[in-house]
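First the structure, in the form of structure tokens, and then the observations on it.
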Amino acid sequence: MPSATGDAGSVIVSEIRRFVDKEVLPVATELEHRDEYPAALIQQMREMGLFAMTIGPAYGGLGLPFTTYAAVIEELGRGWMTLAGILNTHVIVSYILEQFGTKEQKKRWLPVMVEGEKRCAFCLTEPDAGSDVAAIKTYAVRDGDLYRLNGNKMFVSNGRRAHFYLVLCKTDREAQPPHRGMSALIVEKGTKGLVIHRDLEKLGYKGVDTVALSFDDAPVPVTNLVGDREGDGFKQVMSGLEVGRINVAARAVGLARAAFEDAIAYSFQRRAFGKPIFEHQAVHMRLADMYTRIEAARLLTRQAAEKKDRGERADLEAGVAKLFASEMCQETTLDALRVFGGYGYIKEMRAERYYRDAPMSLIGEGTSDIQKVVIARALERLYKKE
Ligand SMILES: Cc1cc2nc3c(=O)[nH]c(=O)nc-3n(C[C@H](O)[C@H](O)[C@H](O)COP(=O)(O)OP(=O)(O)OC[C@H]3O[C@@H](n4cnc5c(N)ncnc54)[C@H](O)[C@@H]3O)c2cc1C
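Following this note's numbering, the numbering of the sequence shown begins with 867 at its first residue and continues without gaps.
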């Protein structure tokens, strides 16, 4: 099942495919069961330039298109979805800075981010506000050359190991509609008042740290406001979320592909009623459905990435891709379990890991319900006559 990408990207995609086969698959299940941070794999990903992939050459990055990024993420997702997640928040934050940051901000942070040693976290969700981003309570008040930042953030992926946190907050708590009063601040690790409270234990998506944290009068230099004016934060993070949704769609394609590939291989070996189970129509029809859905999801993901590469708004395409791919992934990993019968349910088989990892794609970067809301709003824009 080849994953298509342009010539420029095909070398890196082949390199990642080899990396996944040789380095990731032999260790992923064990690391996952131990919920262990994959430090050695991350080091190799840094050396391959993956943290620099989407950052422009002006800042030392590779400047590769999102179509290549999606193909790389698919490969990583095939190996271990967690690796795609560790890259995701870094790419979202560096993308937002490159698109919306001031000249000084880009010069200051992007060359550091290219190295991948210092990585980024993306803080939107709060204990009482996830889907409803406009309901966030975290706020920043100007105090001379500083903002004083207060509030709680929840489910922060890469939150313990990040060096840079992009934090969505309110700089005007009275603004109506509320999103007009939101800004994005870069908070650096070690900032006084930034407290990481706890690591959250999860069903799947293990190995990557997901934390609850808070800001208690944290002093953030005014020069860390992304862009040159307050009130643009909502627009900036929504654009970043399109990149995040391409990541989640691509990793769902990769994860589903891994489940499919394991299932079809097993179906040729396992025998029941005197023949390989693949020969039973119910099994091969199931595999045909799995394959077809994966192919469709990849094309939708590629379509969204192409739109983003053209510099166009891609909320509709990214929403469609993320919705379809994540629901497809959930179904496909369950179908793989069915093909494996009882063996799919035990921990020695990768199928159980795939099945526990899949639901994360239904939630991260907005639930499936929220993708439908995003899609419907875009359809209204496109089809409603004044
Ligand atoms: C492992 C993990 C990692 C994460 N990483 C990050 C991260 O790095 N940064 C970050 O900011 N967030 C992160 N998140 C948070 C994630 O984005 C949110 O969990 C998600 O957006 C849903 O928000 P919620 O959990 O508050 O659910 P809620 O918003 O409370 O939703 C609960 C239910 O109500 C439904 N619902 C809500 N509103 C509507 C509506 N208008 N129409 C229809 N249905 C609706 C939802 O679909 C859902 O089914 C992570 C979450 C997890 C589990």
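Here a beta-carbon is modelled for each residue, glycine too, at the ideal position from N, C-alpha and C.
- Counting C-beta pairs with one atom in each stretch, the segment 1184-1201 and the segment 918-925 have fewer than three that are closer than 8 Å, which means they do not touch.
- Between the segment 1014-1029 and the segment 1070-1082 there are three or more inter-stretch CB-CB distances shorter than 8 Å, so the stretches are counted as touching.
- The segment 902-955 contains, as complete alpha helix (DSSP H) runs of 4+ residues, the segments 905-913 and 932-945 (chain order).
- DSSP lists no bridge partner for I1130.
- Within the chosen limit of 7 Å, ligand 1 reaches the beta carbon of L990 through at least one heavy atom.
- No heavy atom of ligand 1 is found nearer than 7 Å to the CB of G1185.
- Bounds of any alpha helix (DSSP H) do not take in E1145, whose DSSP letter is neither H nor E.
- F1081 sits in a strand when the DSSP states are folded into three classes.
- Annotation for V1022 indicates a beta carbon within 7 Å of some heavy atom of ligand 1.
- Per DSSP, S997 lies in no alpha helix (DSSP H) and is assigned neither H nor E.
- For D1175 against F932, the beta-carbon gap comes to about 5 Å, under 8 Å, which counts as contact.
- T955 sits buried, since 16 or more C-beta atoms from the chains shown fall within 10 Å of its C-beta.
- CA-to-CA, the gap between L1107 and P1142 works out to about 44 Å.
- Distance from the CA of V1061 to the CA of T1004, rounded to the nearest whole angstrom, comes to 14 Å.
- For the pair Q1135 and A1050, the CB atoms are not nearer than the 8 Å cut-off.
- Between K1019 and C989 the beta-carbon gap is near 4 Å, inside 8 Å, which marks them as a contact.
- When D1038, A1078, L1034 and S1105 are compared, the shortest CA-CA separation from R1027 is found for A1078.
- For R1168, the closest of A937, T895 and Q1147 by C-alpha to C-alpha distance is A937.
- Secondary structure at Y1031: strand, using DSSP grouped into helix, strand and coil.
- If you ignore the 5 residues before and after D1009, its C-beta comes within less than 6 Å of no other C-beta in its own chain.
- Between the alpha carbons of G1099 and N1113 lies a distance of about 21 Å.
- Per DSSP, Y1221 lies in no beta strand (DSSP E); the unbroken alpha helix (DSSP H) holding it starts and ends at R1216 to I1229.
- The residue among G926, G967, P993 and T968 with its C-alpha nearest the C-alpha of P977 is G926.
- Annotated as distal: G1120 and E1231, with beta-carbon spacing of 8 Å or more.
- For secondary structure counted as the beta strand (DSSP E) over 3 or more consecutive residues, the segment 1037-1100 holds these complete runs in sequence order: 1048-1054, 1060-1065 and 1076-1087.
- Each residue's CA atom was taken as its position, placing V1053 and I958 some 15 Å apart.
- Checking the 7 Å criterion, the Cβ of K1068 is within range of a heavy atom belonging to ligand 1.
- Its Cα nearest to that of F1126, the residue R1216 stands out among E1040, Y1249 and R1216.
- S1105 and L907 have their alpha carbons spaced roughly 29 Å apart.
- Between ligand 1 and Y961, a heavy atom-to-CB distance of less than 7 Å is absent.
- The C-alpha of T991 lies about 32 Å from the C-alpha of E1161.
- Listed in chain order, the non-local C-beta contacts of A1116 below 6 Å within the same chain comprise A936, I939, E940 and T1167, local neighbours out to five positions each way being set aside.
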